[in-house]
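**Student:** Just passing along the structure, written as structure tokens.
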Amino acid sequence: MARMKKKEDEERILNDVAKREERVRTFAQLVSFAQILIVASAFLSRKDIKYVFSFGPLFFLIPGIINILRVKGYRILGVSYFLSSLILLYTAMNVVVPASTIYYILTFANYIFLYKATKQKVFNNLWKLVLLFALADIIFIGLKLLHLVLLLLLLHQMIHLYALLNMRYVDILYTKPDKIKKKYSNAKGLDIPVDFETRAPKQIFRTLGGIYFSPVITSDEFVCFTSADGSLYSFASNGELKWKVDAGSEDFSGPLLDSEENIFIVSSSGMLIKLSAKGEEIFRIRIKRGISCMPVIFNDMIYLFNTAGVLYEISTDGERQRTVFNLNEFIDLSPIITEDSIYVLLPPGELYRFSMDGEKIWKTDMGTVTTAPVISEDGIIYVGSNDKFIYAINSEDGSVIWAFETDSELTVSPVVSEDGRVYFGSGKKFYCLDKEKNIRWEFSMSSDISSSPVISEGYIYFGCKNGDFYSLRTDGTVDWYYKFLTGVYAKPAVSKTGTVYVPCSDGSVYAF
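Quick note: the sequence shown, position 90, residue 89 per numbering that gives the first Met the number 0, numbers continuous.
Have a look at this one:
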């Protein structure tokens, strides 16, 4: 399911993250090998050989530091390890109080920093361990057991190297965004005052894989989401992990909630799984041929397409199942379900309306599409197209009410407010239109929009390919802004308390 969600730009972001991860691991290897050689050199008795052997590791140390300076967020570690390596070198040459102890203190600070930034248990254990090493170091120096001091340093470096090579890479620093100097204008071309704050997340939930689907939020403010690491997570709003279910190595959809807040996920191979709010499995149903798009829940019925174009209707209790119709087409966009109709959009731009019995009522053609349609409360269907138009379709007869041309292809679904205004992004612009096609305002960004917007309590939330995330007011002004290190591709979610949850391809969900 997630592989169908990813786009070329998303792959580019993930490749960039992989390169940064490789640079971090290369840094860990080079620096740790250098430090091990420095300590080993201390056991040499001849001064001339010792000096040559001690400065030889600089051939590892310097490339390692240069490598890490290319990774945004890890540069402070490069400087820190360079200083600690110099101290280690000095210790190896002349074991003098308190050089080795200072080294342990610096290393302790690094472990604390890494643990707070990544929440990885390995660093929680290492900062405790290095305290014991520091105490032992002081004792050995006091007893003038200098070779034990060096052996202790060597042991620490072996443990340190193992930890860094097995750490899970994350972007550990959340950089403040640069000052944004753009012009914001309304429909009349008048500048809108730029008055907003750069907000930092109040909570971060981390996983081992990318997140490509919107989270769901229960009435108890539990945040549930699937990760590409093959797990379904449930976090409390304070960051506490409530439960985690291993869904296996398959590709899974995002979670859905029914009226009783049971959770449903579907695998790409066609396994529909129902879990309780506590993460306990209730049932599994196998769908033939696998699943092609995100399922939909409506009136306690689940609607989902398999890869052959068959639409299934399954009751949320798992007791009833029927085939609604078969399009014999690969459908990768979720359908719209209403009380009396099913609307299906095919990628070539063919929009169908079916009755609940599977009878075709009408068909409308438009430009090639890659985003799911949405429907307003008064029955207007809005579809963004690759031909740079957004279409307003009459849901009763399929006629085109109007088409609005933009500057770029529309690659994410629009959102419609209760008063009938439609909000959508196209390239580096975000628009607000009324249902008569009048531009209420437009907003310019520095990067293409990459996530479908969400509107809640008078605010619109969406993300961009370069990591920009915006909260806009309904008059087009910016409420707040945050800069992520990776692009935002999944639709954000907003709880009843107003907390905004933003899933990211780095494996994290941020709460604002």
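By construction, the Cβ of each residue, glycine as well, lies at the ideal position given by its N, Cα and C atoms.
Where are the beta strand (DSSP E) runs, 3 residues long or more, that stay fully inside the region 219-246, in chain order?
**Tutor:** Listed in chain order, they are 222-226, 230-234, 240-245.
**Student:** Taking 8 Å as the cut-off, is the CB of arginine 439 close to at least one heavy atom of the ligand GDP?
**Tutor:** The model depicted lacks the ligand GDP and carries no ligand whatsoever.
**Student:** Whose C-beta lies closer than 7 Å to the C-beta of glycine 366 among residues of the same chain, with five residues either side of it excluded?
**Tutor:** On the sequence shown, position 367 is the one that residue 366 refers to. Once the five neighbours on either side are set aside, the close Cβ partners of glycine 366 are Gly348, Ser384, Asn385, Asp386, Phe388.
**Student:** CB-CB under 8 Å to phenylalanine 139, same chain, minus the five flanking residues each way: which ones, in chain order?
**Tutor:** As a working note, residue 139 is residue 140 in the sequence shown. Taken in chain order, the residues that qualify are Leu145, Leu147, Val148, Leu151.
**Student:** Write down the C-beta distance between isoleucine 281 and leucine 274 rounded to the nearest angstrom, noting that I regard them as a contact closer than 8 Å.
**Tutor:** Looking up residue 281 in the sequence shown gives position 282. Looking up residue 274 in the sequence shown gives position 275. With a Cβ gap of about 6 Å, isoleucine 281 and leucine 274 count as contacting.
**Student:** Here's a check: name, in chain order, each residue in its chain whose Cβ is nearer than 6 Å to the Cβ of threonine 473, leaving out the five neighbours to either side.
**Tutor:** Your numbering for residue 473 matches position 474 in the sequence shown. So the list reads Gly457, once near-sequence residues are dropped.
**Student:** For isoleucine 191, which of helix, strand or coil comes out of DSSP?
**Tutor:** As a working mapping, residue 191 is identified with position 192 in the sequence shown. A caution first: isoleucine 191 carries a pLDDT of 39, below 50, which makes its placement in the model unreliable, though a value can still be read off. Three-state DSSP puts isoleucine 191 in coil, outside helix and strand.
**Student:** Between serine 226 and chain B, is any beta-carbon pair separated by less than 9 Å?
**Tutor:** In the structure shown, chain B does not exist; there is a single protein chain.
**Student:** For arginine 288, is the classification buried or exposed, using 16 other Cβ atoms within 10 angstroms of its Cβ as the cut-off for buried?
**Tutor:** Here residue 288 refers to the residue found at position 289 of the sequence shown. Arginine 288 should be labelled exposed.
**Student:** Tell me the DSSP secondary structure of methionine 293 in three-state form.
**Tutor:** Numbered from 1 along the sequence shown, position 294 holds the residue referred to as residue 293. The answer is coil: DSSP assigns methionine 293 none of H, G, I, E or B.
**Student:** Ordered along the chain, which non-local residues of its own chain (more than five positions away) have a Cβ less than 7 Å from that of tyrosine 110?
**Tutor:** Here the question's residue 110 lines up with position 111 in the sequence shown. These residues qualify, in order along the chain: Phe122, Leu125, Trp126, Val129.
**Student:** On the CB-based measure, 16 or more other CB atoms within 10 Å of its CB, does phenylalanine 58 come out buried or exposed?
**Tutor:** Position 59 of the sequence shown holds residue 58. Exposed: under 16 other Cβ atoms inside 10 Å.
**Student:** Tell me the DSSP secondary structure of glutamate 20 in three-state form.
**Tutor:** One-based indexing of the sequence shown puts residue 20 at position 21. Helix, per DSSP.
**Student:** Can you have a look at methionine 293 and say buried or exposed, based on whether 16 or more other CB atoms are within 10 angstroms of its CB?
**Tutor:** Indexing the sequence shown from 1 puts residue 293 at position 294. Buried is the call here.
**Student:** Going by C-alpha distance, which of Met355, Thr315, Asn465 is nearest threonine 322?
**Tutor:** As a working note, residue 322 is residue 323 in the sequence shown. Among Met355, Thr315, Asn465, the Cα nearest to that of threonine 322 is on Met355.
**Student:** Taking a contact to mean a Cβ-Cβ separation below 9 Å, would you say lysine 427 touches valine 453 in this structure?
**Tutor:** Indexing the sequence shown from 1 puts residue 427 at position 428. Indexing the sequence shown from 1 puts residue 453 at position 454. No, the Cβ-Cβ distance between lysine 427 and valine 453 is not below 9 Å.
**Student:** Tell me, please, which residues DSSP counts as bridged to lysine 273.
**Tutor:** For the purposes of this step, residue 273 is taken as residue 274 along the sequence shown, with counting starting at 1. Paired residues: Phe263, Phe282.
**Student:** Report the option in Phe461, Phe234, Thr217 whose CA atom is closest to the CA atom of isoleucine 203.
**Tutor:** Numbered from its first residue, the sequence shown carries residue 203 at position 204. Closest by alpha carbon: Phe234.
**Student:** Just confirm the distance between the C-beta atoms of valine 309 and leucine 344, as a whole number of angstroms; I'd bet it's less than 8 Å.
**Tutor:** Residue numbering aside, residue 309 sits at position 310 when the sequence shown is read from its first letter. Residue numbering aside, residue 344 sits at position 345 when the sequence shown is read from its first letter. Incorrect: roughly 17 Å between the Cβ atoms, too far for contact.
**Student:** Run through DSSP, which three-state label would threonine 174 get?
**Tutor:** Indexing the sequence shown from 1 puts residue 174 at position 175. Because the pLDDT at threonine 174 is just 35, under 50, the model does not fix this residue reliably, and the value given afterwards should be weighed accordingly. Note: threonine 174 maps to coil in three-state DSSP.
**Student:** Around the C-beta of lysine 464, are 16 or more other C-beta atoms found within 10 angstroms, so that it is buried, or is it exposed?
**Tutor:** Taking the sequence shown and counting its residues from 1, one reaches residue 464 at position 465. With 16 or more Cβ atoms within 10 Å of its Cβ, lysine 464 is classed as buried.
**Student:** Give me the DSSP bridge partner(s) of threonine 518.
**Tutor:** The structure shown does not extend to residue 518, since the chain is modelled only from 0 to 511, so the question has no answer here.
**Student:** When DSSP labels each residue in this structure, what does isoleucine 210 get in the three-state scheme?
**Tutor:** If you number the sequence shown from 1, residue 210 lands on position 211. In the structure shown, isoleucine 210 sits in coil (DSSP, three-state: anything other than H, G, I, E or B).
**Student:** Please return the same chain residues whose Cβ sits closer than 7 Å to the Cβ of threonine 100, not counting the five positions on each side in sequence.
**Tutor:** Looking up residue 100 in the sequence shown gives position 101. Cβ neighbours of threonine 100 beyond the five flanking positions: Ala133, Asp136, Ile137.
**Student:** Considering Cα atoms alone, identify which of Phe297, Tyr488, Leu131 is closest to leucine 256.
**Tutor:** Looking up residue 256 in the sequence shown gives position 257. The shortest Cα separation from leucine 256 among Phe297, Tyr488, Leu131 belongs to Phe297.
**Student:** Are the CB atoms of valine 487 and serine 450 within a distance shorter than 9 Å?
**Tutor:** Residue mapping note: residue 450 aligns to position 451 of the sequence shown, counting from 1. Residue mapping note: residue 487 aligns to position 488 of the sequence shown, counting from 1. Closer than 9 Å, so yes.
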